[in-house]
Amino acid sequence: MSRPWSPSQPERSLDLGALLRTRVVVCDGAVGTMLHAAGASLDLPLPELSVSRPELVRAIHGAYIEAGADIIETNTFGATRTRLARHGLGERVREINLAGVAVAREAVMAASRRVLVAGSVGPATPPGSRRRLSPVILREAFREQIAALAEGGVDLLILETFGSLEELLEAIASAEEVAPNLPIVAQMTFLDDGRTLAGETPAEVAARLDGLDLVAIGANCTLGPQGLLEVLREMGHHTALPLSAQPNAGPPTFVDGRFRYTADPAYFARHARRFVELGAAIVGGCCGTTPAHIEAVAGAVRGMQPVPRHPIPSATPRTRSHGAEKPYSPPSRLLERLAARRFVKVGEIAPPAGGAAEQVVQEAALLKAAGCDAVLIGPPSSVRAQVSPASLAVLVQQQVEGLEAILTVTTWEKSVMALQADLLGAHAFGVRHVLCRTGTPPLVGDYPNAGGIWDVDSLGLIQLLRGLNEGRDHHGVALARPTGFVIGARINPSAEDPEREIADARRKIEAGVDFLITPPVYDLDAFDRLLDAIGVPEDLPILLGVMILKDFRHAEYLQHEVPGMSIPEPILERMWLAREDGAEVGRAIARELICRARAQGRIRGVVLSSAVGSAEGVARLLRELPP
Numbered sequence: 028m029s030r031p032w033s034p035s036q037p038e039r040s041l042d043l044g045a046l047l048r049t050r051v052v053v054c055d056g057a058v059g060t061m062l063h064a065a066g067a068s069l070d071l072p073l074p075e076l077s078v079s080r081p082e083l084v085r086a087i088h089g090a091y092i093e094a095g096a097d098i099i100e101t102n103t104f105g106a107t108r109t110r111l112a113r114h115g116l117g118e119r120v121r122e123i124n125l126a127g128v129a130v131a132r133e134a135v136m137a138a139s140r141r142v143l144v145a146g147s148v149g150p151a152t153p154p155g156s157r158r159r160l161s162p163v164i165l166r167e168a169f170r171e172q173i174a175a176l177a178e179g180g181v182d183l184l185i186l187e188t189f190g191s192l193e194e195l196l197e198a199i200a201s202a203e204e205v206a207p208n209l210p211i212v213a214q215m216t217f218l219d220d221g222r223t224l225a226g227e228t229p230a231e232v233a234a235r236l237d238g239l240d241l242v243a244i245g246a247n248c249t250l251g252p253q254g255l256l257e258v259l260r261e262m263g264h265h266t267a268l269p270l271s272a273q274p275n276a277g278p279p280t281f282v283d284g285r286f287r288y289t290a291d292p293a294y295f296a297r298h299a300r301r302f303v304e305l306g307a308a309i310v311g312g313c314c315g316t317t318p319a320h321i322e323a324v325a326g327a328v329r330g331m332q333p334v335p336r337h338p339i340p341s342a343t344p345r346t347r348s349h350g351a352e353k354p355y356s357p358p359s360r361l362l363e364r365l366a367a368r369r370f371v372k373v374g375e376i377a378p379p380a381g382g383a384a385e386q387v388v389q390e391a392a393l394l395k396a397a398g399c400d401a402v403l404i405g406p407p408s409s410v411r412a413q414v415s416p417a418s419l420a421v422l423v424q425q426q427v428e429g430l431e432a433i434l435t436v437t438t439w440e441k442s443v444m445a446l447q448a449d450l451l452g453a454h455a456f457g458v459r460h461v462l463c464r465t466g467t468p469p470l471v472g473d474y475p476n477a478g479g480i481w482d483v484d485s486l487g488l489i490q491l492l493r494g495l496n497e498g499r500d501h502h503g504v505a506l507a508r509p510t511g512f513v514i515g516a517r518i519n520p521s522a523e524d525p526e527r528e529i530a531d532a533r534r535k536i537e538a539g540v541d542f543l544i545t546p547p548v549y550d551l552d553a554f555d556r557l558l559d560a561i562g563v564p565e566d567l568p569i570l571l572g573v574m575i576l577k578d579f580r581h582a583e584y585l586q587h588e589v590p591g592m593s594i595p596e597p598i599l600e601r602m603w604l605a606r607e608d609g610a611e612v613g614r615a616i617a618r619e620l621i622c623r624a625r626a627q628g629r630i631r632g633v634v635l636s637s638a639v640g641s642a643e644g645v646a647r648l649l650r651e652l653p654p
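Residues in the sequence shown are numbered consecutively from 28, following my numbering.
In C-alpha cells, the structure reads:
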C-alpha cells in the first residue's frame with residue numbers, strides 16, 4: 028500500500044510515468060497572464076516577483092489548485108542567468124529559483140489533496156538575442172537554474188516553450204546531469220505553419236525525443252487549441268511517449284497596453300478532451316489561460332483514461348528542407364563587370380526629405396547619362412518623412428533603363444522579421460545588390476534615438492542574406508525559392524578602433540560578401556594599411572568611396588563632426604586656399620585620389636558622392652574620368 032499524502036511531508040517518490048499511464052493529469056494555466064492582470068509590468072522579469080511579492084504568486088498558485096490542477100509550475104520561466112542578466116539580476120539565479128519553488132510549495136502545503144510542483148524551465152537564449160548562444164553557455168545556464176530548482180524540492184521539471192530542438196536537447200542533457208532523478212516533461216512551441224521557430228516539424232521533434240528518458244513530450248504556447256491539435260496529432264505518429272498539451276487561449280489582441288485573449292473556457296475544455304483522445308496524458312494551458320480555463324479542463328477530462336501510444340511504424344518524419352544546393356543567380360551586370368576587372372563607377376544618392384521620389388529618378392538618370400554603372404541608394408539620414416531606400420531602389424531600376432541599384436540596408440531600426448520582408452519584397456521587384464550596414468540612430472534632442480531594435484548587426488545581415496541565397500530564412504526554414512542577392516559590406520580605413528575594424532572586416536569576408544565599399548577616403552596610405560592588415564583576398568572587389576568636397580567649411584565639417592572620417596592636413600590646406608574655387612579644387616582632389624588608387628591596382632571601382640543635392644558635381648566628375 029502506498030504511503031498516504033501528508034501536507035507536512037510532500038510526496039517525493041512518485042513514479043510520474045506510471046501515473047500518466049493510469050490517469051490524465053491536469054496542469055495549471057498561465058502564471059504570467061495572471062501576474063500581468065494583477066498589474067505586473069510587461070517589461071520586468073516575472074520570476075523576481077517570487078521574492079518581492081510572494082503573496083501574489085502564492086495566491087495565483089492557490090487559485091489554480093482550487094480550480095483542479097494536479098501540477099502547478101513554479102514562477103521560474105526565464106530565470107536563467109542569461110535572461111536575468113538583462114535586468115541586472117544575473118547574480119540572483121539561485122535566490123530567485125529557490126523562492127519560486129518555496130512559494131509553490133507553500134501553496135501545495137495548504138491544499139487538501141496531493142498536488143505536484145513542476146520546475147518551469149524555458150529557453151536560456153534571451154528573446155530577440157542578436158546572436159545564438161554557444162552550447163557551453165546554454166548548458167551552464169541550464170545547469171545553474173535546474174540545480175537550484177532541484178535543491179528547492181520540485182517533483183518534476185517541465186522544459187517548455189522551446190523554439191529550437193537543439194537548445195531543448197541541451198536543457199535535457201543539463202537536467203540529466205544535475206538532477207538525474209527528476210522526471211522530465213519536454214515541450215516545444217510551434218508557429219502557425221506547424222514548425223518550430225528553428226524550422227523543425229512535429230514529426231522531427233517527436234522522432235528525436237522518442238528515445239530519451241522523458242516521461243512525456245508535447246507542445247505549449249504560441250498556438251491556440253485548434254492549432255495545437257494538429258501538432259499533437261503529427262507528434263503522436265512518431266512516439267510511444269505520453270503527450271502533453273498546453274495551448275494558449277487563442278490568439279491575443281493588444282488593448283490598452285495589455286494582451287487580451289478571447290477563447291472561452293468551454294471551447295478550451297472541448298479541445299482538452301480531443302487532446303486526450305490523441306494521446307495526451309497532461310493537459311493544461313499557457314498564455315491567456317486562467318483558473319476558469321483550468322477548472323473547465325479538469326471537469327472535461329475527469330474520468331478519461333490516457334490513450335495508449337502506438338506510433339505508426341512506417342511513418343517517416345517530415346523534416347525541414349534546407350533549400351536548394353545552389354543559390355539562384357540572375358545576371359548582374361555590376362557583378363559581371365567587377366569579375367571582368369572592368370572599372371566600375373557608382374554614384375551615391377541620398378533619400379530626399381519629404382518623399383520627393385521623382386528627384387531621385389532625375390538624379391539617377393543624370394548619373395546614368397554621365398557614365399554611371401550603378402547607383403548606391405544611401406540610408407535615411409533624417410527623422411523627417413522619407414521614402415524608404417528599398418522603394419527608391421525599385422523605382423530607379425524601373426524608370427532608368429539599364430541602371431542597377433545598390434540598396435543600403437541598415438539594421439538598427441528593424442526586426443529580423445521586417446528585414447526579411449523588405450529584402451524579399453525588393454528581390455521580387457528585381458533589386459539584387461545590397462550593402463549591409465548596422466547604421467546609427469538619428470540624433471533627436473539631447474540624446475540619440477535609443478529606441479532601436481538591433482536584432483542583428485551588419486554581420487548578422489550578411490549571414491541572413493547568405494541564408495536567403497541558400498533558400499532558407501533566418502531560422503532555417505525553407506523558402507519557396509532561393510534568392511540571388513549580391514552582398515556588399517563596408518570597411519573603414521579611418522575607423523576610431525582599427526583593431527576592431529580589422530576583426531569585423533575579416534568576419535564579414537568569412538561570412539561571404541561579394542564586394543566591399545569604403546566610406547569616403549582621403550588618406551590612401553591608411554586605406555593601404557587597412558587592406559594589408561585585413562588580408563583582403565585578391566579576387567574580392569573593393570570600391571573606393573570618394574566624396575567631392577564643396578568648400579573648406581564642408582571639409583572642416585567632415586573632419587570634425589562626422590564619425591569615422593579623416594581628412595589629411597594637406598587636403599584641408601588646399602581647400603582653405605581655394606576660397607571661392609572650392610568646388611573646382613574639391614573635384615580635382617577627388618579625381619587625383621581616384622587616379623592614384625586606380626594606378627595602385629587595389630580597387631575595382633569608385634562610389635562617388637557630393638554634398639546633398641549636388642548630383643551635377645558627381646556627373647561632371649564622371650565625365651572627366653577615363654573609362
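In this text, a Cβ means the ideal position worked out from N, Cα and C, and glycines have one as well. Since this is a predicted model, take the numbers as computed values, not measurements.
Practice task
Would you list the residues sitting across from P210 in a DSSP beta bridge?
Solution key: Note: P210 sits in no beta bridge, so no partner.
Handout entry: Own chain partners of N124 with C-beta closer than 7 Å, once the 5 adjacent residues on each side are dropped
Key = T103, A106, Q172, A175, L176, G179
Practice task
Over the uninterrupted beta strand (DSSP E) stretch that includes Q447, give me the two end residues.
Solution key: Premise fails: Q447 lies in the alpha helix (DSSP H), 443 to 455, not in any beta strand (DSSP E).
Problem - Spatial neighbours of P197 in its chain, beta-carbon cut-off 7 Å, leaving aside the 5 residues before and after - result: Checking the sequence, you will find Glu at residue 197 rather than Pro. The answer, listed in chain order, is P162, L165, R166, F169.
Handout entry: Rounded Cβ spacing between D541 and V563 (contact assumed at less than 8 Å)
Key = About 13 Å separates the two Cβ atoms, so there is no contact after all.
Problem - Nonlocal neighbours in the same chain, by C-beta distance under 7 Å from L558, ignoring five residues either side - result: R629
Practice task
Mark Q627 as exposed unless 16 or more other C-beta atoms lie within 10 angstroms of its C-beta, in which case mark it buried.
Solution key: exposed
Exercise for the section: Tell me where the alpha helix (DSSP H) around R647 begins and ends. Expected result: 642 to 651
Exercise for the section: Taking only runs that begin and end inside the stretch 126 to 193, name each unbroken alpha helix (DSSP H) of 4 or more residues, in chain order. Expected result: 162 to 179
Practice task
List the endpoints of the continuous beta strand (DSSP E) containing V634.
Solution key: 632 to 636
Practice task
Starting from the Cα of A243, find the closest Cα among T223, L250, E231, Q214 and give me that residue.
Solution key: Q214
Handout entry: I575 and G613 closer than 8 Å at C-beta
Key = yes
Handout entry: Proximity of L401 and A453 at Cβ, strictly below 8 Å
Key = The residue you asked about is not Leu; residue 401 is Ala in the sequence shown. Contact: no.
Practice task
Look at the alpha carbon of T545 and the alpha carbon of N519, and state the distance between them as a whole number of angstroms.
Solution key: Roughly 6 Å separates the two Cα atoms.
Practice task
Using a threshold of 8 Å, state whether the C-beta atoms of L403 and L462 are closer than that.
Solution key: yes
Problem - For G572, the residue or residues it bridges with in DSSP - result: P547, V634
Handout entry: Unbroken stretches of the alpha helix (DSSP H), 4 residues or longer, contained in the stretch 358 to 394
Key = 360 to 366
Problem - Three-pair Cβ contact test at 8 Å for the stretch 358 to 367 versus the stretch 590 to 601 - result: By the criterion of at least three beta-carbon pairs nearer than 8 Å, the stretch 358 to 367 is not in contact with the stretch 590 to 601.
Exercise for the section: Quick one: grab the DSSP three-state call for L46. Expected result: helix
Handout entry: Simplified DSSP assignment, three categories, for T60
Key = T60: helix per DSSP, three-state reduction.
Exercise for the section: Note down the Cα distance separating S442 from D500, rounded to an integer number of angstroms. Expected result: Cα-Cα distance, rounded: 13 Å.
Practice task
Please name the residue or residues paired with Q273 in a DSSP beta bridge.
Solution key: N247
Practice task
Say whether the stretch 46 to 65 touches the stretch 94 to 102, bearing in mind that this needs 3 or more beta-carbon pairs closer than 8 Å, one atom from each stretch.
Solution key: Short answer: they touch.
Problem - contact_flag[the stretch 383 to 394, the stretch 585 to 593] where n(CB pairs < 8 Å) is 3 or more - result: With a cut-off of 8 Å, the stretch 585 to 593 and the stretch 383 to 394 do not count as touching, because too few Cβ pairs lie within range.
Exercise for the section: Just the C-alpha distance for L305 and C248, rounded to the nearest angstrom, thanks. Expected result: 18 Å
Handout entry: Residue range of the alpha helix (DSSP H) that includes V84
Key = Run containing V84: 81 to 94, per the alpha helix (DSSP H) assignment.
Exercise for the section: Kindly indicate the opening and closing residues of the beta strand (DSSP E) around G515. Expected result: 513 to 517
Exercise for the section: Measure the C-alpha to C-alpha separation of Y294 and G127 and round it to an integer number of angstroms. Expected result: Distance between the alpha carbons of Y294 and G127 is about 31 Å.
Exercise for the section: Have a look at A412, P568, S77 and flag the residue whose alpha-carbon is nearest the alpha-carbon of F370. Expected result: For F370, the nearest C-alpha among the options comes from P568.
Exercise for the section: Starting from A230, follow the alpha helix (DSSP H) in both directions and report where the run begins and ends. Expected result: Taken as a continuous stretch (DSSP letters only), the alpha helix (DSSP H) holding A230 covers 229 to 236.
Practice task
Would you kindly work out how many angstroms separate the C-alpha atoms of T465 and R301, rounded to a whole number?
Solution key: 48 Å
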